[in-house]
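Since the structure comes first, as structure tokens, the remarks are kept for the end.
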Amino acid sequence: MSGGGLLVAGTTSDAGKSVVTAGICRWLVRRGVKVAPFKGQNMSLNSFVTRGGAEIGRAQAMQAQAARVEPTALMNPVLLKPGSDRSSQVVLMGRPVGELSARGYHGGRQRALFEPVMACLEELRGTYDAVICEGAGSPAEINLRRTDIVNMGIARAARLPVLVVGDIDRGGVFAQFFGTTALLAPEDQELIAGYLVNKFRGDVSLLEPGLEMLHGLTGRRTLGVLPYAHGLGIDEEDGLRVSLRGTVRESVVAPPVGEDVLRVAVCAVPLMSNFTDVDALAAEPGVIVRFVDRPEELADADLVIVPGTRGTVRALEWLRERGLAGALARRAAEARPVLGICGGFQVLGEHIDDEVESRAGAVPGLGLLPVRVRFAAEKTLARPSGEALGQPVEGYEIHHGVAQVLGGEPFLDGCRVGEVWGTHWHGSLESDGFRRAFLRAVAAASGRRFVPAPDTSFAALREAQLDRLGDLIEEHADTDALLRLIEGGAPSGLPFIPPGAPDFPGAPAAGTPGAAQ
Numbered sequence: 000m001s002g003g004g005l006l007v008a009g010t011t012s013d014a015g016k017s018v019v020t021a022g023i024c025r026w027l028v029r030r031g032v033k034v035a036p037f038k039g040q041n042m043s044l045n046s047f048v049t050r051g052g053a054e055i056g057r058a059q060a061m062q063a064q065a066a067r068v069e070p071t072a073l074m075n076p077v078l079l080k081p082g083s084d085r086s087s088q089v090v091l092m093g094r095p096v097g098e099l100s101a102r103g104y105h106g107g108r109q110r111a112l113f114e115p116v117m118a119c120l121e122e123l124r125g126t127y128d129a130v131i132c133e134g135a136g137s138p139a140e141i142n143l144r145r146t147d148i149v150n151m152g153i154a155r156a157a158r159l160p161v162l163v164v165g166d167i168d169r170g171g172v173f174a175q176f177f178g179t180t181a182l183l184a185p186e187d188q189e190l191i192a193g194y195l196v197n198k199f200r201g202d203v204s205l206l207e208p209g210l211e212m213l214h215g216l217t218g219r220r221t222l223g224v225l226p227y228a229h230g231l232g233i234d235e236e237d238g239l240r241v242s243l244r245g246t247v248r249e250s251v252v253a254p255p256v257g258e259d260v261l262r263v264a265v266c267a268v269p270l271m272s273n274f275t276d277v278d279a280l281a282a283e284p285g286v287i288v289r290f291v292d293r294p295e296e297l298a299d300a301d302l303v304i305v306p307g308t309r310g311t312v313r314a315l316e317w318l319r320e321r322g323l324a325g326a327l328a329r330r331a332a333e334a335r336p337v338l339g340i341c342g343g344f345q346v347l348g349e350h351i352d353d354e355v356e357s358r359a360g361a362v363p364g365l366g367l368l369p370v371r372v373r374f375a376a377e378k379t380l381a382r383p384s385g386e387a388l389g390q391p392v393e394g395y396e397i398h399h400g401v402a403q404v405l406g407g408e409p410f411l412d413g414c415r416v417g418e419v420w421g422t423h424w425h426g427s428l429e430s431d432g433f434r435r436a437f438l439r440a441v442a443a444a445s446g447r448r449f450v451p452a453p454d455t456s457f458a459a460l461r462e463a464q465l466d467r468l469g470d471l472i473e474e475h476a477d478t479d480a481l482l483r484l485i486e487g488g489a490p491s492g493l494p495f496i497p498p499g500a501p502d503f504p505g506a507p508a509a510g511t512p513g514a515a516q
């Protein structure tokens, strides 16, 4: 296999593209295939810092781990980090290049990014046996097709076969598959090579007549039916899409080692970023993690976390409006544990000077830590390591705010005062020894007879989860058909499904690899 590829598209957002892409990567690498993930454009507040100091989507870092390769900026050349409903920070090749409105981005900037995106894809295809690309949203967003650099735009330019994933748990999956195909221009339809049903519950034999009828209607086969898999705990691309009140982060099904459980409440601040920081806590037997937005929901929590956010000042205002700021102050006064991470660390400080993110200027913080924060135009992107609580710890930093620590006990790059802790480091809780030491400190302060499990390895759990994804593909997908697509592209002669969408002026002709849009 040399330079093969596949685009995993979806009928909707959250259809399962990210996990299917990761599963295919893990299945291939177990077969001895040198494989890499790719997503031309990602919109997400969950991001990661590569060893080269580039910021990419956290989902692509997870997919790289599934492929057993080091993540690089090539795997996610464009990352959009929303700052409001209408604007996002644009990160190109791992570095922020500006803030743009949705209209400004889709109106011109996105088209200018097509060539660098394609250059990254071609570089990966020249290095790896196969590149498994993930689409975004739906390829049938006909209002955005002209400027598309992540779905059919790259599929047509690179002649990639397209596997369309549909979430049957939501219902309407047959209409989604048919409608997605029928809304594409004939030249795009030529690349829609098959479908994959995701999150199926029940007897597959009951589904098979519908799959046969779909094949008769479209000329395209369904290449697998993946069962609904509970407790995967895989890094998500976007913010939680459900109501956050009472949402419990998936955790292992295991009793606590000690006599008590430990309850963790995560303040669901606006523009919450890298909420995957709490996954390592949820992986601990006896630790219950939930997202909250009311002060009374902090009452029984043994630990409250104020997580990262793309809107520090906005999050600060939200905490005050909701009454959560007062509840956090009361916890601090009562020596009950609070942890602030990145933007959450910043809001716990005394003062914020922000002429960059919110342009709000001087804003008083919650005053729970002796820290003053000034927002810098240049973003800090780093992979620090060190020691805390007598244990080695690693993390990564993604922030514009520069913290001046004026007192307290040193804690990573931040500080601790009483039972209030603050740091910019994301991912620190994935360091097993440090996480256990921190949980012991929280349990002691809370008076809980909680004992961290002595053998929980977050890295091993993550590997096991990625293997589960590979197993899903290997056991429930037509892997021979997938290999044929990856090696040979979409089969010729796939029928056109009317009505189709009109092609746009200047589109590359069918069969013209690498043509620019």
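Residue numbers for the sequence shown follow numbering that gives the first Met the number 0, beginning at 0 and rising by one. Where a beta carbon is used, it is the ideal one built from N, C-alpha and C, also for glycine.
Terminal residues of the alpha helix (DSSP H) in which residue i lies
i: L152; result: The residue you asked about is not Leu; residue 152 is Gly in the sequence shown. M151 to A157 is the extent of the alpha helix (DSSP H) around G152.
i: W317; result: T311 to R321
i: S445; result: D431 to S445
i: V593; result: Outside the shown range of the chain, which is 0 to 516, sits residue 593, and nothing can be said about it.
i: I472; result: F457 to H475
i: V303; result: Counting along the chain, V303 falls outside any alpha helix (DSSP H), though it belongs to the beta strand (DSSP E) covering L302 to V305.
i: E54; result: No alpha helix (DSSP H) contains E54, which is instead part of the beta strand (DSSP E) from E54 to G56.
Those residues which DSSP pairs with residue i across a bridge
i: I351; result: V362 and V372
i: N41; result: L78
i: V404; result: V370
i: Y395; result: H425
i: G290; result: Before going on, a small fix: residue 290 reads as Phe here, not Gly. Answer is V265, bridged to F290.
i: L195; result: V164
i: T379; result: H398
i: F410; result: G413
i: S36; result: The sequence shown places Pro at residue 36, rather than the Ser named in the question. Answer is I131.
i: F47; result: I55
i: M271; result: T308
i: G224; result: The sequence shown places Val at residue 224, not Gly. Paired residue(s): V196.
i: Q175; result: For Q175, which the question treats as bridged, DSSP gives no partner whatsoever.
i: Q390; result: A387
Residue environment, residue i, which counts as buried when at least 16 other CB atoms sit within 10 Å
i: H229; result: exposed
i: A14; result: buried
i: A326; result: buried
i: P254; result: exposed
i: A264; result: buried
i: R240; result: Residue placement at R240 cannot be trusted, given a pLDDT of 42 that sits under 50; what the coordinates show is reported in the next sentence. Exposed is the call here.
i: E396; result: buried
i: Q40; result: buried
i: S204; result: exposed
i: S17; result: buried
i: N197; result: buried
i: Y227; result: exposed
i: R329; result: exposed
i: V96; result: exposed
i: N150; result: buried
i: R244; result: The predicted model places R244 with a pLDDT of 48, which falls under 50 and marks its position as unreliable; any figure quoted below should be read in that light. The residue is exposed, with fewer than 16 neighbouring Cβ atoms inside 10 Å.
i: A402; result: buried
i: G165; result: buried
Own chain residues within Cβ distance below 8 Å of residue i, not counting five before or after
i: P36; result: T20, A21, C24, Q59, Q62, A63, A65, A66, M74, V130, I131, C132 and E133
i: P284; result: V251, A253, P254, P255, V256, A452 and T455
i: G51; result: T71, A72 and G93
i: S86; result: E98, L99, S100 and A101
i: E69; result: T49, R50 and A63
i: G499; result: A181, L182, L183, A184, P185 and Q188
i: R321; result: D292, R293 and P294
Limits of the beta strand (DSSP E) - the one that residue i falls within
i: G421; result: V419 to T422
i: C132; result: A129 to E133
i: P95; result: R94 to S100
i: V90; result: S86 to L91
i: G3; result: G3 to G9
i: A340; result: It should be pointed out that residue 340 corresponds to Ile in this sequence rather than to Ala. I340 -> beta strand (DSSP E) spans V337 to I340.
i: A387; result: S384 to A387
Own chain partners of residue i with C-beta closer than 7 Å, once the 5 adjacent residues on each side are dropped
i: D259; result: R447, R448 and F449
i: A154; result: L6, V161 and L190
i: G385; result: V392 and L411
i: M212; result: none
i: V224; result: V196, F199, V203, L206 and H475
i: E296; result: A264
Same chain only: Cβ atoms within 6 Å of residue i, ignoring 5 sequence neighbours per side
i: S12; result: G136
i: A359; result: V312 and D353
Beta carbon proximity, residue i to chain B, threshold 8 Å
i: S456; result: Within the model displayed, chain B is absent; a lone protein chain is all it includes.
> Would the segment 445 to 457 and the segment 5 to 20 be scored as touching if the rule is three or more Cβ pairs under 8 Å?
Replying inline: Taking one beta carbon from each stretch, the segment 445 to 457 and the segment 5 to 20 have fewer than 3 pairs nearer than 8 Å; the two do not touch.
>> Within 8 Å, do at least three Cβ pairs link the segment 267 to 279 to the segment 416 to 433?
In response: Judged by Cβ distances under 8 Å, the segment 416 to 433 makes contact with the segment 267 to 279, as three or more pairs qualify.
>> With three or more C-beta pairs closer than 8 Å as the rule, is the segment 308 to 316 touching the segment 347 to 367?
In response: Taking 8 Å as the limit for Cβ pairs, the verdict is that the segment 308 to 316 does touch the segment 347 to 367.
> Quick check: the segment 301 to 308 against the segment 331 to 342, are there 3 or more CB pairs under 8 Å?
Replying inline: Between the segment 301 to 308 and the segment 331 to 342, the count of Cβ pairs shorter than 8 Å is three or higher; the stretches touch.
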